Each structure stands twice: as C-alpha cells, then as structure tokens.
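S.K.: Just dropping this structure here.
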Amino acid sequence: MKKVMTHLGLALLSTTMIAGATSAETIRWARGSDALTLDPHSQNQGVTHNFAHHIYETLVDRDVEGTLQPRLATEWSLKEDDPTVWVFKLREGVTFHDGAEFTAEDVVFSLDRARSEASNMRQLHVEVTEVRAVDDYTVEVQTTGPSPLYPDNLTNTFIMDKDWSEANDVVEVQDYAAGADNYAVRNTNGTGPYILQSREVDVRSVMTLNENHWAEDTPAVTEIIYLPIADNATRIAALLSGEVDLVQDVPVQDIDRLQGTGGVKIETGPENRVIYFGYRFGEEPLASSNVTDANPFNDPRVREAMELAVDRDAIAQVVMRGQAIPTGVANPPFVAGWTEELDAYPAVDLDRAQKLMAEAGYEDGFTVTLDTPNNRYVNDEAISQAVVAMLGRIGINVTLASRPVAQHSPLVTNNQTDFYLLGWGVPTFDSAYVFNDLVHTKEGSYGAYNGGLFSDPELDAKIQSLGTEIDMEARDATVAEIWETVKSERVLLPIHNQVLAYAMRDDITLPVHPENQPLLTGLTFAE
Amino acid sequence: MTQPVLSVRNLTVEFPTRHGLLTAVQDISFDIMPGEVLGVVGESGAGKSMTGAAIIGLIDPPGRIAKGEIWLGDRRIDNLPPAEMRKIRGRRIGMIFQDPLTSLNPLYRISRQLIETIRTHLPLSQSEARTRAIKLLDDVGIPDAARRIDDYPHQFSGGMRQRVVIALALCADPEVVIADEPTTALDVSVQAQIIDVMKEICARRGAAIMLVTHDMGVIAETADRVAVMYAGRLAELGPVAAVIKDARHPYSQGLMGAIPKLGENLDRLVHIPGAMPRLNAIPQGCAFNPRCPQVFEKCRTHRPAASEIEPGRRAACWLYPEVTEA
Amino acid sequence: MKNPTQGNAAPIVPPRPQGRLKAALDSDIFYSWRRSPVTIIATVVALALILMAVLAPWIAPYDPFDPSSLNLMDGFTPPMTENQFTGSTYLLGTDNQGRDMLSSIMYGSRISLFVGAMATAFAITLGVSLGLVAGYNGGMIDGVIMRIADIQLSFPGILIALLIFGIARGVIPANQQESMAIWVLIIAIGLSNWAQFARTVRGATMVERQKDYVSAAQIMGVHPFLILLRHVLPNVLGPVLVIGTIGLALAIIEEATLSFLGVGVPPTQPSLGTLIRIGQQFLFSGEWWILLFPAVTLILLALSVNLLGDWLRDALNPKLR
Amino acid sequence: MLAFIIRRLAQSVLVMLFVALIAFVVFRYVGDPIASMVGVETRLADQEIMRDRLGLNDPVVLQFLRFIGNALQGEFGISYRLQQPVTELILSRLPATLELAFASATIALVFGLMLGVFTALKPRGFATGLIMAISLIGVSLPTFLIGIGLIYIFAVELGWFPSFGRGDTVDLGGWRTGLLTESGLRSLVLPAITLSLFQLTLIMRLVRAEMLEVLRTEYIRFARARGLSQRAVHFGHALKNTLVPVLTITGLQLGSVIAFAIVTETVFQWPGVGSLFIVSVQVVDVPVMAAYLMFIALVFVLINLIVDILYYVVDPRLRVDGGGGGK
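Residue numbers (our numbering), protein chains in the order written: chain A, 82 to 608; chain B, 1014 to 1339; chain C, 93 to 413; chain D, 541 to 867.
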C-alpha cells in the first residue's frame, strides 16, 4: 500500500493536470463511477468489467459490432463427439504483467475461481461441471448438458495467473463476511494491453501501455488516466474546460450542445439494453390500486390499451433527445431472436385505447403506483414520468414512486411492486437470457426478475428446452415461438433500446461499444 | 472667586427620531466648584444621566449636543475631536456607572484594567502603575489589595466591585467625577459605605463630584448643592439644605414633601399626581404645567428659564418675577 | 450562553406606560418597516410569491400536477417561443415533460412554502414545548433536552434530515412512501430546526420561573406550568417570530437541497428544489429556463423571507444572536 | 477542571452510544445491502447465501452488539461497494475533507471575523448595508447552486480554476496533501469558497450581533469613559468578549463544515469522506454509512470537548463557578 502511494505520488508529480499540457498519447478518461473492485470475479458489473478489460483479458470478447472475437482463445468449438464439452485453443506466447507465461492451467484456475461460491460471475458458469487442461494451450469445459452458447457467457470472465494468485492468497474471491480485504481487490496481474500503475478509488487510476502485449498493433494510447466524476454537470464541465479528453457517460440532453461546441465531438451508437415496463399478472387485486376486486393488468385489453396509449416516439424524441430506438419487443437488435416484425410497435391510438379500457370495465380508469429507479438508466425517472402522463389520458391514474436502484431492484426481485420500470442488458446476445429471468415462472434459478409473476407452463417448458437444444435451427424456431407469445400476450411493455454517447476532444475517435465496454486500444488520433 | 472646575452652559441634547427631534436635555446650565459635590436629582428620563453622558462626550448616536457649551476649567470640551476628548476622559473627568456588576470587563483581571487605564493617562511603567493601582485599591477600602488585584471581577462582591470601579474612575486623579447612580444597583446595606468611600476619596484628592441619582436621601446626606431636573430641564438649583427646607419650584416642593430615607426609591414616593411627560409629548410652556398645583395661564404658553431668584439659587417657575423666558 | 437576565441599556427610548406597550410596539414596527425601502420591497416580493403560491390552483394557467393534461411533445419549449411540434407558446417555457414552467413554479412554490411553513410550525411547537419543559423543570430533564439540542445544533440540518428520511424509508411500507413523502420531509426538516426555539424559550422560562407570581400561582393551586405558558409565551414571541422567519427561509432552502439530493417530494409533484434538480440537468444543454426560473424564484423567496426576518430582528431587538 | 473534563467525557460517551444506535438502526433498515452488493443479474439463492454469510439474518440485538464491539476497535467491516476495509477507506479520504474543511473554515473565520467586526464598528455605513445585504443573499443561495455557478463561471467560461477533483497531490507519510502543488491549491479554491460562504455569513452575523451587544455593555461604556483608546476598547475589550460566545458556535460550526462538505464535495467531485458518504448512501453501502456517521459524531464530540475546555480557559468566570450552569 505504502509503496503504491509513493509510486503514485511520483507519477502524479510527473504529470500535469492542467488543460492543454497533455502529451498526445495520454487520455484522461472520465466516467460517472469507478470500478468497484479490481478482483475480476468479484462483481458482475459493467463499469468494473470495462475497467478490468484493459488490464485482464477474457478468452473471447465482443467487438463494436457485437460479434464474438478471439482474445486469449484463438479457436473454440464443441467437441466433435460430445456436445457437452467445449474445447478452447489458447493463444501462445502471452505473458502476464509480471512476466509469467499464460498457459492452460491459468484458464482452469480462473474458470474454477469464477465458478466458486463467492464469485459474482458464478451464474454464467452454472452448467459447467469441470474445466480441464488438455495440454498447455488447450482447455476443455465440461457442461451438464449440451450448452451451445456457452462461449457467449465468457466475454467478462477474466483470466488470472494461477501462481500469482496462490502466492498472494487470492485463490478465493473476496468474501465480505471474512471481514478482511483481498490482495486482488487492489492489485492486478493480467495479460491485458495496459498495466495499472496507481489507483485511488473514486478519484483516479493510471494505466500505462503493456509493451509486451501480444497484439500486433500497438495502441495509440500509451497512458490512461481514469477519472470517475459522479456529477453529470461537473463531468461535462470538465470536458468543456479541457480537463478531460473523453467522457464515456454523456447525459443525452448535453449531446446537442457538445456537438455544437468547438473542440469536442460525440460518438453515438445503440446499446445492447432494452428499457421496458413490467406489471403484475394474476387474479389477486393490486396492492396500490383502487380496484380491490380484480387485477386490471390481468385483463389483456388493459395491457393493449396501455400499449396504445404510450407514445414511444415522443419519449424517444423529447425525453431521450433522439438517443433511443423505440421498440415493440423487449429484446435488443443485437440479440439472436430479434426480428423486425417483433420490433414493430403500434401507433398511438387513444380512442381505441379508451374503448378497450371501457370494454374491460375501466371506463373510469383506476389508480396504481409505478416504481421507477432514478439513477440507473438513461433518464429513467423522466421516462416513467412521461408514461405517467400518457396513461393518465386513458384514465389510469398513476402515482410515481422514484428510488435509487439499490432500493428499487429489491421491489422487483421480491415481487413488491405492481408496475415498474426496468432495463435489461443481454450480455450473452441470446434470447434465452431474457426468457430465463424475465418470462419464465419465478421458481428456482428462473424468473429472478419476473417481478410481475407472469407464468405460463407451456412457455416455461419451451424456455427450458433452449438450454440444451443443439440443433440451432430448431432452437431458433422455439425462440421465435416464445417471442410470438410474449409479444401477443404483452408480457412486458417495451419502450426503447438505449443509445450510448461518448464525448471526446475532436482529434480522437472512440466508437461506441454495444455493451458500453469500449477498449481504449481502439481509440485513434486524428492526423 | 474661584473658577468652577466644570461649567455647563445652555446644554441641549437632542435625539432625532421618527417623531421628530426629542430633546432629552434642554438648555441646562450649572457650575461645579473644585471639591464640591453637586447632586443632580430627578425621575428616570429627566435627563440626568444624559447630562452626565454629554459632559464626558459619550452620548450614543444618533443623539448629539445641539446647543450649549461645556467648559472644563478654562477649556471648552464639548467640541473637542474624539482623540482629544479621550485624553480628558479618565484623566480629568472620571465616571462611575450604575451597576458595578456590569461595569467591569469580566474577562480581565482587575490589575490589567487598572494598569491599562493608569498607563493610558500617566507616564508610568508597568510596575509603577501596579503599585499605584494597589494603593488605589487600598484607598477605596479593598482589604489585602496587593493580593486581590490579580483577581477577576466576578471574584468580588457587588460592593467591592463598586469600590474597584471607583478606583478605576479615580486612577488618573481626575478633577471631576461623574457618578451616575453609583449605588442604585447595590444592596441597601452597602450603599452608604460606597457613598462614603467615594466622597472621602474625592475629598482627599480634591476631586469634585457630580452625583446623579433619583435618591433624594443620598443627595441630602452627600451633596453641597442640588440640581433638580424635570423633563430634560433644570427646575431648580441651590444649596442642598436650602432646597430641602424651602424648595421654590412646585416640582421640587413635591419632591421634598417627604424626604425618603436613604435607599428608598423616589419613584414610589412622588406625591404629585400624574407622571412626567414623555419626551415627545412635552407640553408647551412649563413642562410641569399639567401637574402643577399652582399652574396659571402663562405657564401653559411660555417656557420659564432657570433664572436666579436669589443669590445662589435658581428656579424655572413663573411664580417668581425674576424668572425670564427661555 | 448569554445570561438571560442581562438587559440592554436603551437610553433613548423613554419609558412608556405598560398598557400601551403593545400598541406602541406595533407602531414602532410599522415605523421601522416604512423607513426601510429594502424591507418594503422584500415584503412586497414575499407577499407576491406567497399569494402566487397560495392561489396557484386558481390563477396558474395550467395544472402541472395533472399528468393527463401534459403533452410530452410540448417539452423543452423556450420561453415565449412557439413549440415546433405543437405550436403552443408558454411565457416561461416548458420543462422536459412539457410542463408549463410558470405553473410549475407556482405550484412548486406552493409545495416549498407548505413544507417550509409546516416544518417551521412543527419545529416551533416542538422547540417551545421542550424549551418550556426544560426551563421549568431544570435538572436532569433540562440537561438531557439541552444536550440533545446541542448535538442537534452541531449537526447540519441536511444530515439530520437525511437520517430521518432514511429511517422513514425503512419504516414506511414501500407503497405508501410516496404519499407520505411530503410529511416525512416536513418532520425531517422540522426535527432538524427545533433546537433554536428550545434554547430561547428555555432561557425565558428560567427567568420567569424565578418570579413571584409563579410561586403565588402554585400557592393558589394553579398549575404553574399553565401560568408560565401564559407569561413566557408573550415574552418569547419576538425572538420566536424572528427565529421562525429565518427558520422558514432555512427550511425552504433545506427542502430544496434535499430535493436536489433526490430525497424530496416526488417528481410528479415538484417543489422548487425538485424543479431545480430537474433543471440542473439542462445547465449545459441550452435549456437555461428550466433551471433559471425556479432558481430565481427560490432565491427571491428565501431572500425576501430572510430580509423580513432580519428586519424583524432589528425592529423587535430581541436578545438574539 | 479534571472533574469537569471527566463529566464531559462521560457525556461524550453517551452521545457516541446514542449515535451508534441511530447509525445501526437507520442503516440496518434502509434499502437492501445485498441488492446493492451484487449485480442486477445475481440469482436470488445466491443472495440468500450472502445474507447469511454477512450475518444479516441474525437477531437484531446481536447485530447491534457486534456493531458496537467492532466499532470500538475501529472496525466497520468491508465496504459492500468497494470491498476494502471501511476504516482504511475513510482514513484515506480524510485528508481531502480535512484540508477542504480547514481551508473553508479559515476563509469563513478570517473573513467572517473581519467583516463582522467591521460591520459592528460601522453600523451605519453604506459598506455595512451592502455587506449585510450580500450576506443575506449568501444565506439564501443553496450551496449546490453556488457550486454549480462557480464551476460554470470560473472553470468553464473563464477557465481560471479546475472544475473537479484535487489536482496533484503529494504523499506525506500517509497524508495525501494537495496543499503543496500549484494544481492542488488551484483545485482547492472553488470548493473552499463554496463551502465557506454559508459559514462565513453565519460567523459574520454572529460576530456582528455579539460585538454590537458587547459594545452596548456597561463595561465598554466604562472603558470609554476611562479614556482608553478606540483600539484598546474595540480590540482589547470588545473583541475578546465577543469571541467567547463566538468561539463556542464557531467551534461547533467547524464540525458542521466537515459534515456540510457532503454537498460541496459532490458538486466538485472532491475525493473526501463526504462524497464517499453520498455515493454510499446511493448504493446503500451500510458499513461506510455507519462508519461515516460515527466519524462525524466523533468529530463533533471532540470539537465539543475542545471548545468546552477552551471556553474554560478563556472565561475566568467558569474556572471558579465550576461549570457555568447557564450554558
């Protein structure tokens, strides 16, 4: 610790923070929050992964188009005679930052660590029963049944050095209950393109280029100064005043202004995340409604009326300032199973909506409380507010309850909400990930975020079959069927897919990454 | 004839307020002879304290001396620049305030307050000033002065504190001491002692005293001459014995009707019906006319000046032909 | 602490007959009011804002609390400019939800004032009662109450309010939190401001307790507490009024800060603070009116109330710090 | 003196226990720590396991006792969010907050005292009117608006000062200071001013009111009547008496500067304990919140103790009366 601090002191003394005094290769990169930990398996969280991707590497990852790319694994395939085994060929000649060589035993160690009880990455590896090294550069992963999409789960599972981990007693993932911290929380030894030089949590981290990295192309950025700035206005002010070069979390309302500001430019692109509303199914009356003898949401006419009343285009245009792609399906376009037909959504039709409400017996409307997070998704609270107004026009009198996500998400997982907003990212790029958590009946490891308690045994069976189906065509057909039902039943009320925006000084370019995990190795300087 | 040590000529003190000018002191003249004790008596609000404040140049703004002159010996002091006036305060005119409990700075030792004052006025070293201070404390009757000088004010009783105050007022040997109700706040049992100490020490140093009080008893026992004030004006002035025996102004007559015993409060003993007018409602003519048992027409229209009605005695009352209009 | 018996020398004011004291006091206040142009302006501004807030339901052009009346496409209309989609024009423009800013500010001031006034009233009630109890009983009770007051005074109101808000969040069931939010806010702000009142009243009570009539009342069998209440209250009216006025301004600002931190009233029924929180997001995007107008209103409101409090303090000259 | 200090200490312990109870109760029941510790996509069964491991399913009394026991050892556990020992986190953030608080307290004290004395000595001057009016505007402006305004004007438009952070820091044996580098000092300017304004107005008004009152006292009149110089009267006698009550309130204000820094630190992204606290509140990082509250209580108790002792030293009346029941 002491040593790190001294080191940092020196590093800081040698750097100047004042605007304009930066060397061309240093990028000061501002985000809304810091990585939570450096332990790669301790938190399954986007910002943390994004940070870790610069230091550690995964077997596979996704490029800015969302396609799976080789990283530490060069090839991967199902074992020819056994669909329950995945075989990964590893990259040769890779070394960790401390000089140790990267081999199959590190992969075995890391996947086992990621599967261990205290790991937060565990759910992505539940089907795995064993990871074994075949030789120094081949690893086999044994799953319970056929698991055709397992590599999709690996994009955020980082590889650590076995010997380093053992030497520093970090074989186990950070355990809160143990009451002590873990060496890996604050120290790193990855194979990635950058080496962590210093880190002050929530303040600043400095990374420099790993000269020994395996990639042929040397990144343009040789030093990264990572600066978490929580307050939106302050973060934008820092870019405008030239104190940072790159802002990853740009509030949508500032995009226009920044685009019009000299010296600053904006990159935008869709994120692999859909924003939707969920509501309570079942006969039981709603806790927050004045209708005490029935559940209005259980009536398909009410759900259709709601869909017809919500003006997705207006939300995208006004609330999101155009930084959203309205959608009729709770499935981002990146994800297998998305089709244009599913994505279509009906035009606003208040007359018909009112008629449907009347048919359902609610011509005088009803009241309900909408629970919304206010610090999780882009303009989450404002979206909910707009929907409150829109539903008001067909007589649904909505009370808005707005909370930080820490207090909001338990309401959803504990089924304590009648009507809620949630966003869903699909890191596996596969529909099954959506179905498992949002559509399947809440039981066991399924339906964790099925806060509306939707339940359809027929769908459940289909969803479960996806996990083991290896005939990809048949699987795709099942996925399409499920989506058909989900859409026609209006299990969820999708609104839009978020668009991401990065702001940067105008002589650099960093394309938007669909999972919001850009690698600064991809950053280019203008001539 | 000896020159008066303090001479007040036609002093008028005014306060601008929203109701127009309030005249707190109007056209007052008197002299104080060296070593003399002049009592100034009257109800609260009669202007006694204000006169004292005017002499020492400490009228709180926005009040001001509107007219008149104040002479200290042969030096006019009412128009001195502040810095000059400061040299006079404490050095040539001492002042004793009503409440010894609040007159001393609670945070400083007695020694510091005394030495600071002495050295402000006299070219003495720290130790000389200290010696002088101990002597003074001794003089005002503080037992074991050399030790107690380093005590804080709160360590003294009320009576002792007033002795300290007297010592402070006298520490640069002023020629005149203005004592503004010096015993009012004290326990009855020590009032007489304090008056005695004050009178004695002044006599020993030849300092004249202007003793402001509403306690006629104190005046009777202490003063050589008395000035009776009413509604900011001088009603009567004369030797104490004469005024007590034979007051000329009807107000003084009422006042002297029963000389209270020492320590009793005058306010409760005024036998004249009615109350002193508020300063913003002083009637035309003689200020006393609404209450005066002997009022006649002229009193309501013309204001009498305090004029000499016999040698050494002045009164402001139309009953006496010598009285002129103010 | 100041010794409450220590009076000020007030040499210029002539004594007044006791009976007319009240009338004279009133006219004094009126006089000092008339003489201070700043105070007159402050009064006019404060009255105008209060009137505007109270009458909002009748005079506001729109009802911003009725969500079904909003058209999202009206959002971000600049002041006195035609909206490009709907063609509507608003005097002060609209916010991100298409709410008329003028109406929002009127209704927002209403909520801010309501919260501020109720919180202050709560703080006064609590502070005066505790001050009386502490001052009358003395001893242990006094010690405990005043020690709590000390702690309370040394913590910033914001932190205390955050705490209380946290407790409320934990205690109140999730589906009632929104309807209770405003009351929680009132209690939170009130609880963070009572100590000043308690101190003042305690001091006055301790002085009064010594007086003869209290023991006389005791002998006559009247509960001295009632007597005290009757005698202490008029004495502390001035200071309480002054602290109350300044407390009102503080409460309004505190409400704004809490709402800014996101723990205030729901965004569908925004107070001035919530409006500022919403508007602050548009500081750099060019929609200045969403931040500026509520901020100016808040400052005007707090400033005018503060000026009134300041003037009251001078006019009543209570022994205050 | 000793008895006095012991009594105060005993009171302080009670206060700390009281705050500990609040800290524990509040944060035990706010939000769901598990939900904030794990990613959105964590399964419920895993959450239940964590809950057990953290002892969140134990009886409340047991949890409180454990909390007190650990707190006594300066042990507040591991931050749910950052996975580092809370005490270490707070200690590493402390220099930033203390430097900011110290800078603002100095600004507030120096200017508050100067302006307060000035306006008291010249109660009718035009400048006084102006200062008083401006001070009222200062009180009427919420801190966050001041901060945002300063950033907009001095960082974005004029570019004179940085808009966020502490700039370069130098490590002095565990104390990371920003006071030794140019950029560190420049970074301190805007937040320190923002944080100081409110306290400055308070102190100024307090000093002024107190000084005016002292100037009206008999002992000042008496000091004037003894012919003491203006200087001796104003600065020797009046100021010292003014300072006694000012000292108490100012001391307590210093404590609230540290706590009040929450808003300023948030706006300026100042890496102190205040911004740590706010982030922790947002994600319900219970150990950090509890530790912060205890820390603030400790600061308060310590300052209170120091103020009491100073008071004792400055005001001779207390030394003999032994306590000063009026306070």
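Ideal placement from N, C-alpha and C gives every residue a C-beta, glycine not left out. From a predicted model like this one, the values you see are computed outputs, not experimental measurements.
So if I threshold CB-CB distances at 7 Å, which residues from the region 354-387 of chain C count as touching chain A?
M.R.: Along the region 354-387 of chain C, going in chain order, the ones with a CB nearer than 7 Å to a CB of chain A are Gly354, Pro358, Pro359, Thr360, Gln372, Gln373, Phe374, Leu375, Phe376, Ser377 and Gly378.
S.K.: Could you name the residues of chain A that Ser820 of chain D contacts, counting a contact when the two beta carbons are closer than 9 Å?
M.R.: Taking the fourth sequence and counting its residues from 1, the one referred to as residue 820 of chain D is at position 280. By Cβ distance, chain A contributes nothing, its closest Cβ being about 10 Å from Ser820 of chain D, past 9 Å.
S.K.: Please return the same chain residues whose Cβ sits closer than 6 Å to the Cβ of Cys1305 of chain B, not counting the five positions on each side in sequence.
M.R.: Residue mapping note: residue 1305 of chain B aligns to position 292 of the second sequence, counting from 1. Excluding positions up to five away in sequence, the list reads Pro1263.
S.K.: Do you know how far the Cα of Gly179 of chain C is from the Cα of Thr683 of chain D?
M.R.: By one-based count along the fourth sequence, residue 683 of chain D stands at place 143. By one-based count along the third sequence, residue 179 of chain C stands at place 87. Going from the Cα of Thr683 of chain D to the Cα of Gly179 of chain C covers about 38 Å.
S.K.: Run down chain C in chain order and give the residues with a C-beta less than 9 Å from the C-beta of Gly473 of chain A.
M.R.: Position 392 of the first sequence, counted from the first residue, corresponds to residue 473 of chain A. Asp158, Pro159, Ser160, Ser161 and Leu162, listed in chain order.
S.K.: Within its chain, find whatever has a CB closer than 8 Å to the CB of Leu400 of chain C; leave out the 5 residues flanking it on each side and keep chain order.
M.R.: Here residue 400 of chain C refers to the residue found at position 308 when the third sequence is read from its first residue. Cβ within range, chain order: Thr131, Ala134, Thr135, Ala138 and Thr337.
S.K.: Using a Cβ-Cβ cut-off of 8 Å (strictly less than) and excluding sequence neighbours within five positions of Leu561 of chain D, which residues of its own chain qualify?
M.R.: One-based indexing of the fourth sequence puts residue 561 of chain D at position 21. If you ignore the 5 residues before and after Leu561 of chain D, its C-beta comes within less than 8 Å of the C-beta of Phe604, all in its own chain and listed in chain order.
S.K.: Is there contact between the region 365-381 of chain A and the region 1027-1045 of chain B, where contact requires at least three CB pairs shorter than 8 Å?
M.R.: As far as the Cβ criterion goes, the region 365-381 of chain A does not touch the region 1027-1045 of chain B, which means the pair count is below three.
S.K.: Check whether the Cβ of Arg591 of chain D lies closer than 8 Å to any Cβ atom in chain A.
M.R.: In the fourth sequence, residue 591 of chain D corresponds to position 51, counting from 1. Taking Cβ atoms only, chain A never reaches closer than 8 Å to Arg591 of chain D, which makes this a no.
S.K.: Under 8 Å, do Thr509 of chain A and Thr480 of chain A count as touching if we go by C-beta distance?
M.R.: The sequence position of residue 509 of chain A within the first sequence is 428, counting from 1. The sequence position of residue 480 of chain A within the first sequence is 399, counting from 1. Going by C-beta atoms, Thr509 of chain A is not nearer than 8 Å to Thr480 of chain A.
S.K.: Apply the 10 Å Cβ neighbour rule to Leu728 of chain D and answer buried if 16 or more other Cβ atoms are within range, or exposed otherwise.
M.R.: By 1-based counting over the fourth sequence, the position of residue 728 of chain D is 188. Buried: at least 16 other Cβ atoms inside 10 Å.
S.K.: What residues from the region 317-334 of chain A come within 8 Å of chain D, judged by C-beta to C-beta, listed N to C?
M.R.: Ala318, Ala319, Leu321, Ser322, Gly323 and Glu324
S.K.: Beta-carbon separation of Leu431 of chain A and Ile475 of chain A under 8 Å?
M.R.: Numbered from 1 along the first sequence, position 350 holds the residue referred to as residue 431 of chain A. Numbered from 1 along the first sequence, position 394 holds the residue referred to as residue 475 of chain A. Cβ atoms of Leu431 of chain A and Ile475 of chain A: closer than 8 Å.
S.K.: Using a Cβ-Cβ distance under 8 Å, would Gln551 of chain D count as near chain C?
M.R.: Taking the first residue of the fourth sequence as 1, we reach residue 551 of chain D at position 11. Yes - at least one Cβ of chain C is within 8 Å of the one on Gln551 of chain D.
S.K.: Kindly indicate the opening and closing residues of the beta strand (DSSP E) around Leu230 of chain A.
M.R.: For this step, residue 230 of chain A is matched to residue 149 along the first sequence. Segment: none, Leu230 of chain A is in no beta strand (DSSP E) and carries neither H nor E.
S.K.: Judging by CA-CA distance, which residue of A:Ile108, A:Val284, A:Asn455 and A:Pro407 is the nearest neighbour of Glu352 of chain A?
M.R.: As a working mapping, residue 352 of chain A is identified with position 271 in the first sequence. Comparing Cα positions, the closest option is A:Pro407.
S.K.: Could you give the distance in angstroms between the alpha-carbon of Val1189 of chain B and the alpha-carbon of Val1239 of chain B?
M.R.: Working through the second sequence from its first residue, we reach residue 1189 of chain B at position 176. Working through the second sequence from its first residue, we reach residue 1239 of chain B at position 226. One C-alpha to the other measures close to 16 Å.
S.K.: So with CB distances below 8 Å, who are the chain C contacts of Asp337 of chain A?
M.R.: One-based indexing of the first sequence puts residue 337 of chain A at position 256. Those within 8 Å of Asp337 of chain A in chain C are Ser377 and Gly378.
S.K.: Could you please give the first and the last residue of the uninterrupted beta strand (DSSP E) stretch that includes Thr1226 of chain B?
M.R.: To locate residue 1226 of chain B, count along the second sequence from 1; it is residue 213. First-last of the beta strand (DSSP E) with Thr1226 of chain B: Ala1221 to Thr1226.
S.K.: Return no unless some Cβ of chain A is closer than 8 Å to the Cβ of Glu34 of chain C.
M.R.: Missing from the structure shown is residue 34 of chain C; chain C here goes from 93 to 413 and no further.
S.K.: Of all the beta strand (DSSP E) runs that stay within the bounds of the region 302-389 of chain A, which reach a length of 3 or more residues?
M.R.: 304-309 and 345-360
S.K.: Name the chain B residues that come within less than 9 Å of Lys780 of chain D, Cβ to Cβ?
M.R.: Within the fourth sequence, numbered from 1, the residue matching residue 780 of chain D stands at position 240. Going along chain B in sequence order, the residues near Lys780 of chain D (Cβ under 9 Å) are Asn1118, Leu1120 and Tyr1121.
S.K.: Count the C-beta pairs between the region 300-316 of chain C and the region 276-292 of chain C that are closer than 8 Å, then say yes if the count reaches three, no if not.
M.R.: no
S.K.: State buried or exposed for Leu670 of chain D, treating a residue as buried only when at least 16 other CB atoms are found within 10 Å of its CB.
M.R.: For the purposes of this step, residue 670 of chain D is taken as residue 130 along the fourth sequence, with counting starting at 1. It is exposed - the Cβ of Leu670 of chain D has fewer than 16 other Cβ atoms within 10 Å.
S.K.: Looking at the C-beta of Leu502 of chain A, does it have a partner C-beta in chain D at a distance below 8 Å?
M.R.: As a working mapping, residue 502 of chain A is identified with position 421 in the first sequence. No, because no Cβ of chain D sits closer than 8 Å to the Cβ of Leu502 of chain A.
S.K.: Against chain A, which members of the region 672-702 of chain D pass a CB distance test of less than 8 Å?
M.R.: Ile688, Ile691, Tyr692, Ala695, Val696, Gly699 and Pro702
S.K.: Per DSSP, Gly504 of chain A forms a beta bridge with which residues?
M.R.: As a working mapping, residue 504 of chain A is identified with position 423 in the first sequence. Partner(s): A:Ile356.
S.K.: May I ask you to list the residues that DSSP assigns as paired with Pro575 of chain A?
M.R.: Position 494 of the first sequence holds residue 575 of chain A. Its beta-bridge partners are A:Tyr357.
S.K.: Determine, for Asp861 of chain D, whether the minimum Cβ-Cβ distance to residues of chain C falls below 8 Å.
M.R.: The sequence position of residue 861 of chain D within the fourth sequence is 321, counting from 1. Confidence at Asp861 of chain D is low in this model, with a pLDDT of 45, below 50, so its placement is unreliable and the value that follows should be read with caution. It does not: the Cβ of Asp861 of chain D has no partner Cβ on chain C nearer than 8 Å.
S.K.: Verify whether the separation of the beta carbon atoms of Ile1214 of chain B and Gln1175 of chain B is less than 8 Å.
M.R.: By one-based count along the second sequence, residue 1214 of chain B stands at place 201. By one-based count along the second sequence, residue 1175 of chain B stands at place 162. No, the pair does not count as a contact, with Cβ atoms beyond the cut-off.
S.K.: Closest by CA to Ala1059 of chain B, which one among B:Met1242, B:Asp1151, B:Arg1316 and B:Glu1323?
M.R.: For this step, residue 1059 of chain B is matched to residue 46 along the second sequence. Ala1059 of chain B has its Cα closest to that of B:Met1242, out of B:Met1242, B:Asp1151, B:Arg1316 and B:Glu1323.
S.K.: Grab me the residues of Val847 of chain D's own chain with a C-beta within less than 6 Å of its C-beta, minus the 5 sequence neighbours each way, in chain order.
M.R.: By one-based count along the fourth sequence, residue 847 of chain D stands at place 307. Counting only Cβ-Cβ distances below 6 Å, and skipping sequence neighbours, we find Thr788 and Gly791.
S.K.: Please report how far the alpha carbon of Val145 of chain A lies from the alpha carbon of Gly350 of chain A, in whole angstroms.
M.R.: Your numbering for residue 145 of chain A matches position 64 in the first sequence. Your numbering for residue 350 of chain A matches position 269 in the first sequence. Cα to Cα, Val145 of chain A sits roughly 9 Å from Gly350 of chain A.
S.K.: Which residue wins for smallest C-alpha separation from Asp217 of chain A, given the options A:Val188, A:Gly418, A:Gln340 and A:Pro227?
M.R.: Numbered from its first residue, the first sequence carries residue 217 of chain A at position 136. The shortest Cα separation from Asp217 of chain A among A:Val188, A:Gly418, A:Gln340 and A:Pro227 belongs to A:Val188.
S.K.: At the 8 Å Cβ level, is Arg771 of chain D part of the contact set with chain B, yes or no?
M.R.: Numbered from its first residue, the fourth sequence carries residue 771 of chain D at position 231. False, the Cβ-Cβ gap to chain B never drops below 8 Å.
S.K.: Where Thr646 of chain D and Ala343 of chain C are concerned, what is the direct C-alpha to C-alpha distance, given to the nearest angstrom?
M.R.: The residue labelled residue 646 of chain D in the question sits at position 106 within the fourth sequence. The residue labelled residue 343 of chain C in the question sits at position 251 within the third sequence. Looking at the two C-alpha atoms, the distance is approximately 27 Å.
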